[in-house]
Amino acid sequence: MKTATQSGSNEIKKKKLEKKKGRGLKRKTRNLQAFVPGSSRQVKTPSTFKSSGKKMKRVMMKPKKKLILSNTVFGFDIEEYLKCISPPTKPPSKMYLLDNIIQRFENNLPVYTDPTDFDDSGNIHGMYSCFKQDGEKEEDLDLLSEYHNKHTESIINLAMELLSQLNKQHLVNIDISNVSNTPENKFKTVYAGNAVRPKGCVSVLTNCIHLSKKVILKKATTIKEQQIMVIEALIHLYVSHNSFIPQIHFIGFTKDHELITCSEAVTCPSVHIFMTRQLATENFNLRQKSLMLKTMILKICDGILSLQKKKFSHRDLHTSNVFWDYHSNKATIIDFDWSSVIIGSHKISVPRFLYDTLRPTYATNKSIDMCIFLRNVVNTLSKTKTLQNIPFFQNELTQIMSNYENECKQLLCRDFYDGGDGGREKSAAFQLYKKCTEDQTIFTCYSHENGIRNLGEVKFEYRQGYFEWQSMQPANIKFFIETGNFLPDCDFR
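Each number in the working numbering comes from the position in the sequence shown (counting from 1) with 906 added on.
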């Protein structure tokens, strides 16, 4: 006679056996579905298997990552045109200045405005195009960045290809009527009845309307301006899926062959205006000003860090190119006509005379943006009487800039005495160091103040961009502001 315990045990075993049979039945059913026409079960095709003797091994195929370059901004897929970009290599035998405009390409070769105006590449001496001649001062030589090379020529070739395709797209219509009285709202129709032209900006229109949103229009008429604008639009499009970047709506030609870019309008003031008109004049105490300044810089560090994940460098991040809404603590970055980006394996930038595309840190420099931005911020604070006593400026910002200066001195000394490859890196370090001394030799005191005095604020920071500085990477700046300490290997005090 079975006890109650034995009966319960047998019942549990019976249920487990039924579940096991059920799972086996489901497995068989799924396998059969692969052979049933119209079944939701996906049939395994030969392309998903790899033969290896008697066994069949499944190969996981990674889908090709699609770049964010196919949308209505250009009107066509621009990814295929990136193939014409040549990687940065050594300088060509014939070197043409960037000011010698490329008019067109014939048989994939550039046709310059003046084909006879070129220099022989000769030797490269640091940041310069040739060795210093007898009696010629170094500052009178041409920077290597002022010349075209095969890489920059290929970028202009890309620009010309994109401009050619844009010519085949629908024309831009700038309608000066009142938008409310015009029922038609085509994609490339912009209403400019209440447009405003900013003082000193003949190529810009603000307060325009596109698809019921406020936009800003930029215009390019000459071939050189159009080459720059179309590369800028490509870079803008690639990074526009970011909360710190205004959306670009479209780029296209008008019937008068003017190239127009239409992008989202930014309504808050620039950082420069925020500091000089709001922070300096409104009734904030020093503690409030300090907190507002700290919050702004932390937020901009976040923005640069997020953009660096897209392998993007702005390269012209002065305080008029960053907008700041202190009510919502939102930063917005504009103007990409000096920018660089890496898309796939392609380095792309707008060729500019202050940036050498053959230097080691080309398109990968993570410090240049904060170098330019904080130098602008510090100069504004120093020159504005009501901002000079802000605690955050006197303490944290002063220490950050001092750490930056110390790193420069240590790294440049190391490179021109011990480091580099004995060639270009060593020469560039030597040239930068000399520019930051009182008599422009290596024997007197080094300081950034000397460098700014000798070169000017703009040229100084842009030439500093030849190297990458650990102290001025946004991650290090943010860490110091939040903790009072620099990251490991980033403290040069």
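Cβ atoms here follow ideal geometry from the backbone N, Cα and C, with glycine treated the same way.
DSSP on residue i, reduced to helix/strand/coil?
i, result
"Thr1270", "coil"
"Gln1346", "coil"
"Asp1025", "strand"
"Lys932", "Reliability of the predicted coordinates at Lys932 is poor, the pLDDT of 47 falling under 50, and no value is obtained from them."
"Ala1065", "helix"
"Val1145", "helix"
"Met1181", "helix"
"Leu1003", "strand"
"Lys1253", "strand"
"Cys1114", "strand"
"Val1096", "strand"
"Ala1237", "strand"
"Ala1101", "coil"
"Lys1074", "coil"
"Ile1122", "strand"
"Asp1395", "coil"
"Lys950", "Note that Lys950 has pLDDT 44, beneath the 50 cutoff, so the model's placement of it is unreliable and no number is given."
"Tyr1053", "strand"
"Arg1010", "strand"
"Tyr1372", "coil"
"Leu1260", "coil"
"Ile1400", "Residue numbering for the chain in the displayed model covers 907 to 1399; residue 1400 lies beyond these limits and cannot be assessed."
"Asp1081", "strand"
"Tyr1310", "helix"
"Ser1246", "strand"
"Pro1016", "strand"
"Tyr1232", "coil"
Just how far apart, CA to CA, sit residue i and residue j?
i, j, result
"Gln939", "Arg1221", "Caution is warranted here: a pLDDT of 43 is assigned to Gln939, below 50, making its placement in the model unreliable, and the coordinate value is therefore given only provisionally. The alpha-carbon atoms of Gln939 and Arg1221 are separated by roughly 58 angstroms."
"Ser957", "Ala1139", "At Ser957 the pLDDT is 44, less than 50, meaning the model places this residue with poor confidence; the figure from the coordinates comes in the next sentence. Their Cα atoms are separated by approximately 47 angstroms."
"Leu1318", "Ser1051", "20 angstroms"
"Asp1081", "Glu1164", "15 angstroms"
"Asp1162", "Lys1094", "15 angstroms"
"Ile1358", "Cys1342", "8 angstroms"
"Trp1375", "Cys1277", "9 angstroms"
"His1224", "Thr1182", "14 angstroms"
"Val1247", "Met1066", "19 angstroms"
"Leu1185", "Tyr1352", "33 angstroms"
"Ile1254", "Gln1132", "16 angstroms"
"Tyr1018", "Asp1026", "16 angstroms"
"Lys1340", "Phe1299", "29 angstroms"
"Leu1064", "Leu988", "7 angstroms"
"Phe1156", "Asn1100", "20 angstroms"
"Pro997", "Asp1243", "24 angstroms"
"Met1198", "Glu1188", "12 angstroms"
"Thr1304", "Leu1393", "17 angstroms"
"Ile1203", "Ile1383", "9 angstroms"
"Ile1249", "Asp1231", "31 angstroms"
"Glu985", "Tyr1034", "34 angstroms"
"Leu1293", "Leu1287", "5 angstroms"
"Ser1273", "Gln1379", "4 angstroms"
"Asp1397", "Asn1309", "7 angstroms"
"Phe982", "Phe1385", "42 angstroms"
"Ala1237", "Gln1194", "19 angstroms"
"Gln1370", "Asn1055", "21 angstroms"
"Asn977", "Lys1120", "20 angstroms"
"Leu1072", "Ser992", "22 angstroms"
"His1252", "Glu1059", "14 angstroms"
"Thr858", "Ser1196", "Past the edges of the chain, shown from 907 to 1399, lies residue 858, and the structure says nothing about it."
Flag this pair as yes or no: are the beta carbons of residue i and residue j separated by less than 8 angstroms?
i, j, result
"Ser1146", "Lys1125", "no"
"Phe1218", "Ser1245", "yes"
"Asn1227", "Ile1240", "yes"
"Glu1331", "Asp1321", "yes"
"Ile1296", "Leu1192", "yes"
"Tyr1053", "Leu1003", "yes"
"Leu1077", "Thr1160", "yes"
"Pro1007", "Ile1061", "The sequence as given places Ile at residue 1007; Pro does not occur at that position. No; because the gap between Cβ atoms is not below 8 angstroms, this pair is not in contact."
"Thr1112", "Val1102", "yes"
"Gln1009", "Ile1134", "no"
"Phe1024", "Met1001", "yes"
"Arg1212", "Asn1148", "According to the sequence shown, residue 1212 is Ser rather than Arg. Going by C-beta atoms, Ser1212 is nearer than 8 angstroms to Asn1148."
"Tyr1268", "Pro994", "yes"
"Glu1367", "Arg1281", "yes"
"Gly1106", "Ala1334", "no"
"Glu1313", "Ser1234", "no"
"Ile1387", "Glu1302", "yes"
Report yes or no: do three or more beta-carbon pairs, one from the stretch 1147–1155 and one from the stretch 1167–1181, lie closer than 8 angstroms? yes
Three or more beta-carbon pairs under 8 angstroms between the stretch 1253–1264 and the stretch 1176–1194, yes or no? The answer is no - the stretch 1176–1194 does not touch the stretch 1253–1264, with fewer than three Cβ pairs under 8 angstroms.
Contained alpha helix (DSSP H) runs [length at least 4] in the stretch 1151–1230, N- to C-terminal order: 1192–1214
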